[in-house]
Amino acid sequence: MSGRRPNIVMILTDDHAAHAISAYGSRVNTTPRIDEIAQLGRRFDNCFATNSLCSPSRASILTGTYSHVNGVTTLVTPIDAAQPSFVSALRSSGYRTAMVGKWHMGDGPGHDPQHFDYWDVLIGQGDYVDTVFLDKSGKRVVEGYATDVITDLALNWISSLPADDPYCVLIYHKAPHRPWVPPPSFAGRYVDPIPLPPTFDDDYATRTSSARRAAMRIAEHLTLEDLKVPPPDGLSYEEEALWKYQRFMEDYLRCVDSVDDNVGRVTDFLRTRGDFDDTLLIYASDQGFFLGDHGWFDKRFMYEESLRMPLVLSYPARVAPGVVGEMVTNVDWAQTLLEAAGVPAHPRMQGRSFWPLLTDGSYEPAEGVYYRYWEHDDVFHKAPAHYGYRTSRYKLIYFYNDGMGLPGCGWGTYPPEWELYDLLVDPAEVRNVYDDPAYAGIREELTVAMWNEQARLGDKPHPSQPRPVTS
């Protein structure tokens with residue numbers, strides 16, 4: 015066994031659903047280079063975002079804290095980049111640190127990346143082609159396809175380091191985020207019909223009005239910028255929905271293919287450099303994504319396709335191959351990485367290291383995970399503010415329909431609403447059983463558990479939430 019401290023290479027993409035990775039059983043594509051990491055290391059089957067939105071998830075990964083602690087609750091609440099993070103702890107302990115690609119937590123004084131020896135990031139979302147990068151010297155346009163350029167910059171930085179210095183580099187891609195612009199050379203891929211998800215025609219019969227209001231339907235809310243070409247004339251509503259799904263998925267999966275190729279470039283580089291066995295190599299996405307599931311695209315909701323994050327990692331010197339079924343969250347990553355590096359975690363961090371789970375098995379499974387989506391608008395996606403609690407079998411969601419929103423996007427008056435799903439008998443989450451008398455006891459137990467978890471984490475229930483009978 016190597017006595018070296020691990021190098022840490024985290025490849026993070028944006029909106030890459032686990033069910034578009036063949037290691038997770040994808041029905042629509044194959045991802046051989048991402049699968050290779052899973053085969054050589056661990057695949058996490060139950061890793062969850064604590065706020066399924068780009069900026070908040072990235073802040074939780076970096077700081078090991080929930081949104082109400084790190085301050086990044088929405089897309090427009092920038093990070094205080096000086097706050098403690100796993101990167102600041104690694105750098106203080108002798109690691110060389112770098113951040114390349116999509117930062118997306120604000121820019122300008124106080125919000126630009128800190129605690130990095132080298133950083134070179136996109137402005138906001140960035141563009142897929144010839145995008146603007148920002149580093150310590152200012153802005154510049156870098157020609158080329160963003161996924162390739164980000165990989166180039168990261169590998170060039172590693173190449174500049176002395177061979178013995180441990181390093182941590184965050185390679186954060188824009189892809190496969192909307193508007194899904196693939197490399198031109200991939201234009202011939204996925205032209206055959208792409209299978210529909212089983213819930214594509216979900217009628218939302220038992221869902222609350224809070225969920226039914228969402229403006230994320232493939233059939234109605236994809237734009238011409240998304241589709242690149244208008245639908246053919248003369249299609250029925252159902253035919254146009256199918257056409258839009260195919261068009262959207264073609265470009266989405268082509269973007270994923272480019273990501274997979276670049277993951278392979280990183281793996282091959284580490285092998286050539288002689289670093290692969292001693293590197294904790296991670297591939298993940300900042301949240302899940304609806305790929306026509308329930309008729310939707312996008313994320314935000316606490317439903318499984320949005321909540322679940324793909325997470326695979328390898329570290330041959332220390333971690334044997336396998337599959338992890340225990341529930342973990344993005345808040346847990348910071349402490350896990352620090353424990354792997356032998357670096358103390360900052361006491362402010364709220365997660366729980368799952369490093370023992372990867373090494374000696376001494377890990378007590380979590381009873382449940384807490385989720386809160388803060389962003390609240392009535393113009394764009396119309397996904398209402400909500401929070402909830404998920405156990406290995408059940409999921410409770412409270413749509414409190416009030417809270418932080420995008421500027422100028424006020425909501426009308428909507429009542430709070432509840433949903434409850436039994437994931438054992440209804441893994442697709444199409445039957446809300448909150449008002450089913452057979453689940454009354456479970457409903458009360460989950461409400462108490464959620465209330466207690468909110469208290470433990472220092473989050474405050476919305477004033478409209480009734481206090482459970484016991485706590």
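Take 15 as the starting number for the sequence shown in this note's numbering and just add one per residue. Backbone N, C-alpha and C fix where the C-beta goes; we use that ideal spot for every residue, glycine too.
| query | Are the beta-carbon atoms of LEU236 and PRO244 separated by less than 9 Å? | reply | No, they are not a contact pair.
Checklist entry - If we ignore side chains and look at the alpha-carbon of each, how far apart do GLY365 and ALA348 end up? => result Here the C-alpha atom of GLY365 lies approximately 8 Å from the C-alpha atom of ALA348.
- How about TYR384: is its Cβ closer than 8 Å to a heavy atom in the ligand ATP? This structure does not include the ligand ATP; it has no bound ligands of any sort.
Would you tell me roughly how many angstroms separate the C-alpha atoms of TYR412 and ALA225, rounded to the nearest one? Those two C-alpha atoms are separated by around 11 Å.
Margin query: Considering only their Cβ atoms, is the gap separating ALA255 from ILE232 smaller than 9 Å?
Written below: Taking 9 Å as the Cβ cut-off, ILE232 and ALA255 qualify as a contacting pair.
_Candidates ASP291, LEU26, ALA219, ARG470: closest to LEU54 by CA position_ = Checking every option, the nearest Cα to that of LEU54 belongs to ASP291.
Quiz item: Are the segment 204-219 and the segment 431-440 in contact at 8 Å, needing three or more beta carbon pairs?
Solution: The segment 204-219, when compared against the segment 431-440, does not touch it at the 8 Å Cβ threshold.
| field | ARG386 in three-state terms, based on DSSP | value | For ARG386, the three-state secondary structure derived from DSSP is strand.
CA-CA distance, LEU321 and VAL146?
Going by C-alpha positions, LEU321 is about 30 Å away from VAL146.
Determine the closest residue to VAL393 out of HIS118, PRO358, MET230, with distance taken between C-alpha atoms. Out of HIS118, PRO358, MET230, MET230 has the C-alpha closest to the C-alpha of VAL393.
| ILE22 - containing beta strand (DSSP E), residue span | 21-27 is the extent of the beta strand (DSSP E) around ILE22.
Practice prompt. Just mark GLY306 as buried or exposed, buried being the case when its beta carbon has 16 or more other beta carbons within 10 Å.
Written response: With 16 or more other Cβ atoms within 10 Å, it is buried.
message: Does SER40 pass the burial test, meaning 16 or more other C-beta atoms within 10 Å, or should it be called exposed?
response: Classified as buried, SER40 has 16 or more neighbouring CB atoms from the shown chains inside 10 Å of its CB.
Check your understanding: For SER485, which three-state DSSP category applies?
Key -> At SER485, the pLDDT of 47 sits below 50, so the modelled position is not reliable and the matter cannot be decided from this model.
What do you get for PRO127, buried or exposed, if any count of 16 or more other CB atoms within 10 angstroms of its CB means buried? Flag for PRO127 reads buried.
- If ALA355 and PRO98 are in contact, beta carbons under 8 Å, what's the gap, nearest whole angstrom? Not really, about 15 Å apart at Cβ, beyond 8 Å.
- Please report the residue range of the beta strand (DSSP E) in which SER272 lies. DSSP places SER272 in no beta strand (DSSP E) but in the uninterrupted alpha helix (DSSP H) bounded by 251-287.
Query raised in the report: ARG154 bridges to which residues according to DSSP?
Result: According to DSSP, ARG154 bridges with PHE147.
Discussion item. DSSP three-state label for THR88, please.
Written reply: Residue state, collapsed to three classes: coil.
Are the segment 189-204 and the segment 262-282 touching, with three or more C-beta to C-beta distances below 8 Å? Under the 8 Å Cβ criterion, the segment 189-204 counts as touching the segment 262-282, having at least three qualifying pairs.
Q. Measuring CA to CA, which of GLU443, GLN139, ARG481 is closest to CYS68?
A. Of the listed residues, the one whose Cα sits closest to CYS68 is GLN139.
inquiry  = With the cut-off set at 9 Å, would you say PRO176 and TYR109 are in Cβ contact?
reply    = No.
Compare the C-alpha of TYR259 against each of ALA397, TYR218, PHE304, GLU378 and name the closest. In terms of Cα proximity to TYR259, the closest of ALA397, TYR218, PHE304, GLU378 is PHE304.
Margin query: I'd like the list of long-range same chain contacts for TYR159, defined as Cβ closer than 8 Å, with 5 residues on each side in sequence excluded.
Written below: Within the same chain, TYR159 has close Cβ partners TYR142, VAL143, PRO197, SER272.
Cα-Cα, which of LYS409, GLU340, GLN301, THR64 is closest to ALA189? For ALA189, the closest alpha carbon among the candidates LYS409, GLU340, GLN301, THR64 is that of GLN301.
Requested in this report: Mind checking which residues open and close the beta strand (DSSP E) that includes ASP134?
Outcome: Looking at the DSSP string, the run of the beta strand (DSSP E) that includes ASP134 is 132-136.
Ends of the alpha helix (DSSP H) at GLU234? Segment 232-235, the alpha helix (DSSP H) holding GLU234.
Notebook entry, point to check: How big is the Cα-Cα spacing for PRO46 and ALA73?
Noted result: Those two C-alpha atoms are separated by around 29 Å.
For this session: Evaluate ALA52 with the Cβ neighbour count: other Cβ atoms within 10 Å of its Cβ, from every protein chain shown; 16 or more gives buried, anything less gives exposed.
Result: Around the C-beta of ALA52, 16 or more other C-beta atoms lie within 10 Å, and the residue is accordingly described as buried.
Helix, strand or coil for GLY17 per DSSP?
Per DSSP, reduced to three states, the secondary structure at GLY17 is coil, with no helix or strand assignment.
(message) Report the CB separation of MET113 from LEU184 in whole angstroms; it is logged as a contact under 8 Å.
(response) Their Cβ separation, rounded to whole angstroms, is 5 Å, which keeps MET113 and LEU184 in contact under 8 Å.
* Excluding the five sequence neighbours on either side, which residues of its own chain have a C-beta within less than 6 Å of the C-beta of SER151, listed in chain order? -> A distance below 6 Å between beta-carbons, with the five flanking residues on each side excluded, links SER151 to no residue of its chain.
- For TRP369, which residues from the same chain have a beta carbon less than 6 Å from its beta carbon, with the 5 sequence-adjacent residues on both sides left out? Counting only Cβ-Cβ distances below 6 Å, and skipping sequence neighbours, we find THR350, GLU353, ALA354.
Requested in this report: With distances taken Cα to Cα, identify the nearest neighbour of THR111 among ILE172, ASP131, GLY122.
Outcome: Of ILE172, ASP131, GLY122, the residue nearest in Cα terms is ASP131.
So which of ALA463, PRO421, LYS474 has the shortest CA-CA distance to VAL483? Of ALA463, PRO421, LYS474, the residue nearest in Cα terms is ALA463.
Q: Taking 9 Å as the cut-off, decide whether the C-beta atoms of THR77 and THR343 are in contact.
A: Between THR77 and THR343, the gap from beta carbon to beta carbon reaches 9 Å or more.
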